[in-house]
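Enquirer: Structure in structure tokens, see below.
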Ligand SMILES: Nc1ncnc2c1ncn2[C@@H]1O[C@H](COP(=O)(O)OP(=O)(O)O)[C@@H](O)[C@H]1O
Ligand SMILES: [Mg+2]
């Protein structure tokens with residue numbers, strides 16, 4: 043099968059002009075008239091290619107530029123410089139064509155009609171995106187194979203829990219079977235079981251429909267469950283782009299030493315076995331604490347990412 047790039051970003055930069063605010067009443071009045079702007083570079087020279095059907099974790103600390111990148115990929119924002127092609131279209135230039143083939147979920151901000159029962163929102167989306175009856179029915183059948191739709195369909199979004207709303211948003215984003223779905227922090231604030239449901243759903247839809255998925259999240263469980271490849275940005279710059287396995291291999295000599303020092307208190311120590319001896323570390327701990335139990339584990343994805351954020355790679 044020929045692999046085509048679903049998304050191509052080439053040297054994308056996005057600057058925001060922000061007003062330098064001055065304090066107090068006098069300052070506010072001054073701000074009304076002054077043109078004292080500074081430039082914030084939210085995305086700095088980012089290039090990446092994402093293939094059709096990939097699930098890519100787009101990660102980075104708060105303020106790194108993830109949402110800004112997604113807004114450019116979805117045509118909401120125009121890049122300051124660089125070129126961007128999504129599904130063969132320049133998103134901000136052709137928003138109509140662009141939106142026909144993408145789905146978007148911004149966590150905690152529903153795209154759905156608040157006062158409508160979900161089924162009516164779905165019917166509206168069906169009309170807006172010109173989904174024919176058969177495709178619609180097939181998609182609903184596929185949804186039913188992953189989640190119990192009945193408690194959702196006749197509720198308004200307003201009546202839903204955060205988890206139900208997020209689930210509904212994700213279903214709505216996939217409804218017209220777009221080539222690419224962008225999920226910006228979809229699992230934020232959700233409980234463990236809803237997270238699991240949503241991961242299964244995303245994974246299943248990606249598999250069945252070959253949908254390309256770009257996912258931002260702070261939950262490493264999402265990354266472990268869904269992403270083979272991750273792209274990490276920090277302060278607007280891309281600092282990592284490769285598959286997860288590569289990353290774990292890079293940190294292959296790292297271990298997490300877990301020691302139980304109280305009845306139910308575990309301490310974690312990250313050890314690089316190349317430079318440190320586990321037994322030595324353990325002896326050091328024992329000088330000040332009574333160690334009741336210990337476990338040695340591989341480094342977790344979470345710790346790997348933390349290390350990269352700290353400048354470990
Ligand atoms: N509309 C805007 N105006 C000014 N600054 C913005 C705007 N949107 C985002 N920023 C700034 O750009 C940077 C990146 O923000 P964002 O893309 O939201 O990061 P992330 O999603 O990774 O948390 C931050 O410094 C943020 O304050
Ligand atoms: Mg964001």
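In our numbering, the protein residues as written are 43 to 355. Here a beta-carbon is modelled for each residue, glycine too, at the ideal position from N, C-alpha and C.
I'd like to confirm something about residue 58: is its beta-carbon nearer than 6 Å to some heavy atom of ligand 1, or not?
Expert: Indexing the chain shown from 1 puts residue 58 at position 16. Yes, ligand 1 has a heavy atom inside 6 Å of this Cβ.
Enquirer: Buried or exposed: residue 329, going by 16 or more other Cβ atoms within 10 Å of its Cβ?
Expert: To locate residue 329, count along the chain shown from 1; it is residue 287. Counting Cβ neighbours within 10 Å, residue 329 comes out exposed, since fewer than 16 surround it.
Enquirer: Tell me whether residue 108 counts as near ligand 2, meaning its Cβ is closer than 6 Å to at least one heavy atom of that ligand.
Expert: Taking the first residue of the chain shown as position 1, residue 108 is located at position 66. True, at least one ligand heavy atom lies under 6 Å from that Cβ.
Enquirer: Look up residue 123 in the DSSP assignment and give the residues it is bridged to.
Expert: As a position in the chain shown, residue 123 is number 81, starting the count at 1. Per DSSP, 55.
Enquirer: Taking the C-alpha atoms as reference points, what is the distance between residue 291 and residue 161?
Expert: Residue 291 sits at position 249 when you count from the first residue of the chain shown. Residue 161 sits at position 119 when you count from the first residue of the chain shown. One C-alpha to the other measures close to 46 Å.
Enquirer: Relative to the C-alpha of residue 53, which residue among 91, 178, 82, 75 is closest?
Expert: Sequence index remark: in the chain shown, residue 53 carries index 11 (1-based). Nearest of 91, 178, 82, 75 to residue 53, Cα basis: 91.
Enquirer: Whose C-alpha, out of 262, 304, 55, is nearest the C-alpha of residue 346?
Expert: Counted from its first residue, the chain shown places residue 346 at position 304. The residue with the shortest Cα to Cα distance from residue 346 is 262.
Enquirer: Examine ligand 1 and report whether any of its heavy atoms sits within less than 6 Å of the Cβ of residue 82.
Expert: Residue 82 sits at position 40 when you count from the first residue of the chain shown. Within the cutoff, so yes.
Enquirer: Alpha carbon to alpha carbon, how far is residue 150 from residue 233? Give it in angstroms, no decimals.
Expert: The residue labelled residue 233 in the question sits at position 191 within the chain shown. The residue labelled residue 150 in the question sits at position 108 within the chain shown. Each residue's alpha carbon lies about 14 Å from the other.
Enquirer: Check whether the stretch 215–229 and the stretch 188–201 touch, using three or more Cβ-Cβ pairs below 8 Å as the test.
Expert: The stretch 215–229 is not in contact with the stretch 188–201.
Enquirer: When you compare only the Cα positions, how much space is there between residue 141 and residue 278?
Expert: By one-based count along the chain shown, residue 141 stands at place 99. By one-based count along the chain shown, residue 278 stands at place 236. In a straight line, the C-alpha of residue 141 is about 25 Å away from that of residue 278.
Enquirer: Could you compute how far the alpha carbon of residue 159 sits from the alpha carbon of residue 199?
Expert: The sequence position of residue 159 within the chain shown is 117, counting from 1. The sequence position of residue 199 within the chain shown is 157, counting from 1. About 7 Å.
Enquirer: Among all the DSSP beta bridges, which residues are the ones paired with residue 280?
Expert: As a first step, residue 280 is located in the chain shown; it is residue number 238 there, counting from the start. Answer by DSSP bridge pairing, in chain order: 275.
Enquirer: Following the continuous beta strand (DSSP E) through residue 148, name the residue where it begins and the one where it ends.
Expert: On the chain shown, residue 148 is found 106 positions in, with the first residue counted as 1. Element bounds for residue 148: 144–148.
Enquirer: Do three or more CB pairs link the stretch 266–281 to the stretch 124–135 at distances below 8 Å?
Expert: No, they do not touch.
Enquirer: Tell me the residue span of the beta strand (DSSP E) that contains residue 224.
Expert: Counting from one through the chain shown, the residue named residue 224 turns up at place 182. Per DSSP, residue 224 belongs to the beta strand (DSSP E) from 222–226.
Enquirer: Are residue 94 and residue 46 closer than 7 Å when you measure CB to CB?
Expert: Position 52 of the chain shown, counting from 1, holds the residue named residue 94. Position 4 of the chain shown, counting from 1, holds the residue named residue 46. Closer than 7 Å, so yes.
Enquirer: Going residue by residue through the stretch 154–183, where are the continuous alpha helix (DSSP H) segments of at least 4 residues, counting only ones entirely within it?
Expert: Complete alpha helix (DSSP H) runs here, min 4: 160–170.
Enquirer: Out of 294, 112, 215, state which residue places its alpha-carbon closest to the alpha-carbon of residue 342.
Expert: Numbered from 1 along the chain shown, position 300 holds the residue referred to as residue 342. Ranking 294, 112, 215 by Cα distance to residue 342 puts 294 first.
Enquirer: Just grab the DSSP bridge partners of residue 99 for me.
Expert: Position 57 of the chain shown, counted from the first residue, corresponds to residue 99. Residue 99 is bridged to 257, 272.
Enquirer: Anyone know if the C-beta pair for residue 42 and residue 258 falls short of 7 Å?
Expert: The chain is shown only over 43 to 355; residue 42 falls outside these bounds and no answer can be derived.
Enquirer: Rank 84, 48, 80 by C-alpha distance to the C-alpha of residue 359 and give the top, closest one.
Expert: Because the chain spans 43 through 355 in this model, residue 359 falls outside it and cannot be assessed.
Enquirer: For a quick check, are the C-beta atoms of residue 164 and residue 243 less than 7 Å apart?
Expert: As a working mapping, residue 164 is identified with position 122 in the chain shown. As a working mapping, residue 243 is identified with position 201 in the chain shown. Cβ distance not < 7 Å, so residue 164 and residue 243 don't count as in contact.
Enquirer: Are the beta-carbon atoms belonging to residue 85 and residue 56 less than 7 Å from one another?
Expert: If you number the chain shown from 1, residue 85 lands on position 43. If you number the chain shown from 1, residue 56 lands on position 14. Yes, these two residues count as a Cβ contact at 7 Å.
Enquirer: Just reading off the alpha helix (DSSP H) that residue 351 is part of, what are its end residues?
Expert: Within the chain shown, residue 351 is the residue found at index 309, counting from 1. Note, residue 351: alpha helix (DSSP H), 343–351.
Enquirer: Could you check how far apart the C-beta atoms of residue 297 and residue 333 are, in whole angstroms? I think they sit under 8 Å.
Expert: As a first step, residue 297 is located in the chain shown; it is residue number 255 there, counting from the start. As a first step, residue 333 is located in the chain shown; it is residue number 291 there, counting from the start. About 16 Å; that fails the 8 Å criterion.
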